[in-house]
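Asks: I'd like to ask you about the structure that follows.
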Amino acid sequence: MASKFDSVAGRLESAIDEQFAVDAVYTDGQGASFQIRCILDRAVEQRQVYETNMPSFRNQIEIRKSYVDRPRRGDKVTIDGIDWILDGLITDDGQVTRHYANAS
């Protein structure tokens, strides 16, 4: 049975998905493709990467685990005809995963 917090968190994630997510096609390493919704954040500033205080900018994709339970590095997300290759997991809070992504 889900806790009250889990229920509230699920509703919040659904509202965020409804407002900000876009339709996409997820293709895993085996070539299987299916429809998902995800959030693409372009040029997110990062500090203190590559052993410097200069800012670095990376693209990030957020995917709800209800769409893909364990996205993997090298898998592809296609958004508006642009292929984005997942390049590493940033966070996994049990509901949503956030990944670095490179356009190919």
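FYI, full-length UniProt numbering numbers position 79 of the sequence shown as 79, with every residue one higher than the one before it. Note that the Cβ used here is the ideal one computed from N, Cα and C, for glycine as well.
(1) Give the secondary structure of Arg73 by DSSP, where H, G and I count as helix, E and B as strand, and everything else as coil.
(2) Since I believe Asp17 is in contact with Arg37 (beta carbons under 8 Å), could you give me their beta-carbon distance rounded to a whole number of angstroms?
(3) Exposed or buried, Asp6, counting other C-beta atoms within 10 Å across all chains shown (16 or more means buried)?
(4) One question on the structure: do Glu62 and Val22 come within less than 7 Å of each other, judged by their Cβ atoms?
(5) In terms of residues, what are the limits of the alpha helix (DSSP H) holding Asp87?
(6) Leaving out five residues before and five after Asn59 in sequence, what residues of the same chain have Cβ atoms less than 8 Å from its Cβ?
(7) What residue range does the beta strand (DSSP E) around Asp17 cover?
(8) Terminal residues of the continuous beta strand (DSSP E) containing Ala32?
(9) Nearest to Asp69 by alpha carbon, out of Gly94, Ser33 and Glu13?
(10) Got a sec, what are the start and stop residues for the beta strand (DSSP E) Ser56 sits in?
Replies: Based on what the coordinates show:
(1) Here DSSP, grouped into helix, strand and coil, assigns Arg73 to coil.
(2) The beta carbons of Arg37 and Asp17 sit about 6 Å from each other, so the pair counts as a contact at 8 Å.
(3) With fewer than 16 other Cβ atoms from the protein chains shown falling within 10 Å of its own Cβ, Asp6 counts as exposed.
(4) Glu62 places its beta carbon 7 Å or farther from that of Val22.
(5) From DSSP, Asp87 is part of no alpha helix (DSSP H) but of the beta strand (DSSP E) over Ile82 to Asp92.
(6) Annotation for Asn59: Leu40, Asp41, Arg42, Ala43, Val44, Trp84, Tyr100, Ala101, Asn102 and Ala103 place their beta carbon closer than 8 Å to its own, counting only its chain and skipping 5 residues before and after.
(7) From DSSP, Asp17 is part of no beta strand (DSSP E) but of the alpha helix (DSSP H) over Lys4 to Phe20.
(8) Neither: Ala32 is in no beta strand (DSSP E) and is coded neither H nor E.
(9) Comparing Cα positions, the closest option is Gly94.
(10) Per DSSP, Ser56 is one residue of the beta strand (DSSP E) stretching across Ser56 to Arg64.
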